[in-house]
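What follows is a set of notes on a single structure, which appears directly below.
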Amino acid sequence: SLSSTLDVTGASSLASTLEVSGAAWLKSDATVGNSLMVGVDAVIGRDASVTRNGRVGGQLTVGGHTGLESTLVVAGHTELKSGLSAEGPSVLRRNVDIHGATVVNNTLTVYGTAVFHGDHTTKVTGHKVVEGRLTVGGLATLHSELTVMERTWLAATATVGGAASLKSTLSVDGATSLKDVLSVDGAASLKSSATVDGAASLKSSATVDGASSLRS
Numbered sequence: 003s004l005s006s007t008l009d010v011t012g013a014s015s016l017a018s019t020l021e022v023s024g025a026a027w028l029k030s031d032a033t034v035g036n037s038l039m040v041g042v043d044a045v046i047g048r049d050a051s052v053t054r055n056g057r058v059g060g061q062l063t064v065g066g067h068t069g070l071e072s073t074l075v076v077a078g079h080t081e082l083k084s085g086l087s088a089e090g091p092s093v094l095r096r097n098v099d100i101h102g103a104t105v106v107n108n109t110l111t112v113y114g115t116a117v118f119h120g121d122h123t124t125k126v127t128g129h130k131v132v133e134g135r136l137t138v139g140g141l142a143t144l145h146s147e148l149t150v151m152e153r154t155w156l157a158a159t160a161t162v163g164g165a166a167s168l169k170s171t172l173s174v175d176g177a178t179s180l181k182d183v184l185s186v187d188g189a190a191s192l193k194s195s196a197t198v199d200g201a202a203s204l205k206s207s208a209t210v211d212g213a214s215s216l217r218s
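Going letter by letter, the sequence shown gives residues 3 to 218 in the numbering used here.
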């Protein structure tokens, strides 16, 4: 437990918990056998591997892949250069910017704008809640509900296993497959086929360029 800033140039490996009251600057790989707890900003130059929980009071910036066996909670902006893998519920309280594949085997909650770049997969097993905009550059697979308060843009195929509730516009460039109810308060623009097994409620204009199948 450190009451001030931690600055490490080489790789960091700890068998137990790393707790820093101030900022943590880890210039290379960071491996923590238990929880990682940082009071202010956390900057990791390369890969971050945390066996249990990750809690950051400020911003989180990781140059490599971020892997957590349990929960990730970040109070500030989150920028991950090479993907996120989390086994527990993840709560990101500001904007999120992720460049690699994102796999969350539990609930993902983002209170700011969420941007998932490139042709990578975004996979969430639990409920996904985004208070701001949601932008996904690659394939999006959600095994439970999707709730987005602002604009939703999906560049590739979107598959949602539960209900989808979108409070603003929806734009999907690839095929759209929803296993439950679809509710969109704004305009819906679907550039390819759309399949909805439950009820579809579109409060504004709806454009579907491909085949449309509504089963309820």
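Heads up, the beta-carbon is just placed ideally off N, CA and C, and yes, glycines get one too. No experiment lies behind these values; they were computed from the predicted model shown.
Leu-141 and Val-162: beta carbons closer than 7 angstroms? The answer is no: Cβ separation not under 7 angstroms.
Which complete beta strand (DSSP E) runs does the region 18–66 hold, if anything under 3 residues is left out? 20–22, 26–28, 32–34, 38–40, 44–46, 50–52, 56–58, 62–64
Nearest-angstrom Cα separation, counted from Thr-19 out to Asn-55: 9 angstroms
Contact check, Leu-74 vs Ile-100, beta carbons under 7 angstroms: No, Cβ-Cβ distance for Leu-74 and Ile-100 is not below 7 angstroms.
Figure out for me which residue from Leu-38, Tyr-113, Ala-32 has the closest Cα to the Cα of Ser-72. Leu-38
Measuring alpha carbon to alpha carbon, tell me which residue in Glu-89, Thr-115, Asp-49, His-119 is nearest Val-106. Glu-89
Hey, quick one: how far does the beta strand (DSSP E) through Asp-99 stretch, first residue to last? 98–100
What are the boundary residues of the beta strand (DSSP E) that includes Gly-69? 68–70
Please return the same chain residues whose Cβ sits closer than 6 angstroms to the Cβ of Ser-87, not counting the five positions on each side in sequence. Closer than 6 angstroms at Cβ, skipping near neighbours: Gly-69, Val-105.
Assign Ala-17 to buried or exposed, taking buried as 16 or more other Cβ atoms, counted over all protein chains shown, within 10 Å of its Cβ. exposed
Using the C-alpha atoms, what's the distance from Ala-44 back to Ser-195? 42 angstroms
Which two residues bound the contiguous beta strand (DSSP E) that contains Lys-83? Premise fails: Lys-83 is in no beta strand (DSSP E) and is neither H nor E.
Own chain residues within Cβ distance below 6 angstroms of Asp-121, not counting five before or after: Gly-140
If we count the other Cβ atoms within 10 Å of its Cβ and call it buried at 16 or more, is Gly-12 buried or exposed? exposed
Continuous beta strand (DSSP E) stretch holding Val-174: start and end: 172–174
Determine which residues share a DSSP beta bridge with Val-76 and list them. Val-58, Leu-94
Which term fits Gly-65, buried or exposed, when burial requires 16 or more other beta carbons within 10 angstroms of its beta carbon? buried
By alpha-carbon positions, which one of Ser-191, Gly-102, Val-42 ends up nearest to Gly-212? Ser-191
What does a CB cutoff of less than 6 angstroms around His-145 pick up in its chain, not counting 5 residues either side in sequence? Thr-127, Gly-163
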